[in-house]
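Have a look at the structure below, then the notes.
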Amino acid sequence: MANTNRLLVTHQIEASHDTIQDIADDICIEQTVEVVKQLAQDRWIQENIIGRVEEISQKRDNTFLVVISYPEEITAYQLPQLLSVLYGNISLKSGIKIVGIEFSDNFLSHFSGPGFGIDGIRRLLNIENRPLLATALKPMGKTPKELAELAYKLALGGIDIIKDDHGLVDHSFCSFKERVRCCLSAINKAEEETGKRVLYFPNITDSYEKILEHAGKGKEMGVGGFLVSPMIVGLDTMRYLSDNI
4 MANTNRLLVT
14 HQIEASHDTI
24 QDIADDICIE
34 QTVEVVKQLA
44 QDRWIQENII
54 GRVEEISQKR
64 DNTFLVVISY
74 PEEITAYQLP
84 QLLSVLYGNI
94 SLKSGIKIVG
104 IEFSDNFLSH
114 FSGPGFGIDG
124 IRRLLNIENR
134 PLLATALKPM
144 GKTPKELAEL
154 AYKLALGGID
164 IIKDDHGLVD
174 HSFCSFKERV
184 RCCLSAINKA
194 EEETGKRVLY
204 FPNITDSYEK
214 ILEHAGKGKE
224 MGVGGFLVSP
234 MIVGLDTMRY
244 LSDNI
């Protein structure tokens, strides 16, 4: 491989002096080829696939910090594979915790990051020098019109960002489209009265197909952003939304 950039992962491991080296070596194997060491003697695999122990230091009695590096190409520059490399098999083992990760500039260049970020949200709201105020619409069980009335009062009261509660999805009793329509209308009314911009973030956490459908519809209707639960829908879904919506 021409690219020699490596991913540096720092683990905190509970072990004894007698076992820490074996545990570190085992992590290098388990997180990559997942076979016994005797079956991973191919030189190319050893140099280009298997992790490498870079440093072992003692933090306190029976607690060590172990830095292991991996060729970043084994992640395929994909978030699901990155998680597998970082925490695949060791998630089944006790006494091992990841406490630090260092990415190369080359690795980070494969991901565009947030579409707006904190600074971008501040620009949308025209707020630079104070904390942003945010709250959630709830409870589940309210109709779209009832939630919209709450959104209107919150906007009048000075809230900057109003999001759906994570429990609000595309329910039969409170559909996504109708909720967005009502809440946007209410917030726009408040904006006309106060002259202050307010952002509304409806929840689009759902199946992959529904996420894309709701994101497209919400953007078309004029929402300021979306609420998405990343560890439910998957990190790569978050990346896709950031890159494409």
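Add 3 to a position in the sequence shown, counting from 1, and you land on the number used in the working numbering.
Built from N, CA and C at the ideal position, the CB exists for glycine as well.
The model shown is predicted, which means the values in this text are computed figures rather than measured ones.
query: What are the uninterrupted segments assigned as beta strand (DSSP E) that are 3 or more residues long and contained completely in the stretch 154-221, given in chain order?; result: 164-167 and 202-204
query: Indicate the three-state DSSP secondary structure (helix, strand or coil) for residue 137 in the structure shown.; result: strand
query: Give me the Cα-Cα distance between residue 190 and residue 175, rounded to the nearest whole angstrom.; result: 23 Å
query: Spell out the partners DSSP gives residue 9 in its beta bridges.; result: 74
query: Let's test the definition: count the other Cβ atoms within 10 Å of the Cβ of residue 5 and tell me whether it reaches 16, buried, or not, exposed.; result: Here the model assigns residue 5 a pLDDT of 41, short of 50, so the residue's position is not dependable and the matter cannot be decided.
query: Once DSSP output is grouped into helix, strand and coil, what is the label at residue 58?; result: strand
query: If I follow the unbroken alpha helix (DSSP H) through residue 120, where does it start and stop?; result: 120-128
query: Compare the C-alpha of residue 165 against each of 119, 230 and 32 and name the closest.; result: 230
query: Determine the extent of the beta strand (DSSP E) in which residue 105 is found, giving its start and end residues.; result: 99-105
query: Hey, quick one: how far does the alpha helix (DSSP H) through residue 108 stretch, first residue to last?; result: 108-111
query: Give the C-beta separation of residue 257 and residue 221 to the nearest angstrom, bearing in mind that I take them to be a contact with Cβ-Cβ under 8 Å.; result: Nothing can be reported for residue 257, as the shown portion of the chain is limited to 4 through 248.
query: Considering just the uninterrupted stretch of the alpha helix (DSSP H) at residue 51, what are its terminal residues?; result: 46-51
query: Compare the Cα-Cα distances from residue 102 to each of 32, 196 and 15 and report the closest residue.; result: 15
query: Could you tell me the alpha carbon to alpha carbon distance between residue 208 and residue 228, rounded to whole angstroms?; result: 13 Å
query: May I ask which residues mark the beginning and end of the alpha helix (DSSP H) holding residue 233?; result: 233-236
query: In the DSSP assignment, the alpha helix (DSSP H) including residue 32 goes from what residue to what residue?; result: 23-33
query: In terms of DSSP beta bridges, what is residue 66 paired with?; result: 17 and 63
query: Going by DSSP, name the residue or residues bridged to residue 143.; result: 145
query: Given a cut-off of 8 Å, decide if residue 8 and residue 114 are closer than it, judged by their beta-carbon atoms.; result: no
query: Hey, would you say residue 88 sits closer than 8 Å to residue 69, going by beta carbons?; result: no
query: In whole angstroms, what separates the C-alpha of residue 137 from that of residue 84?; result: 34 Å
query: How long is the line joining the alpha carbons of residue 133 and residue 125, rounded to whole angstroms?; result: 10 Å
query: Identify which residue in 248, 151 and 235 has its Cα closest to the Cα of residue 203.; result: 151
query: Suppose contacts are defined by Cβ-Cβ distances below 8 Å. Is residue 54 in contact with residue 81 by that definition?; result: no
query: Residue 255: which of 205, 147, 193 and 118 sits nearest, CA to CA?; result: As shown, the chain starts at 4 and ends at 248. That puts residue 255 outside it, with no answer to give.
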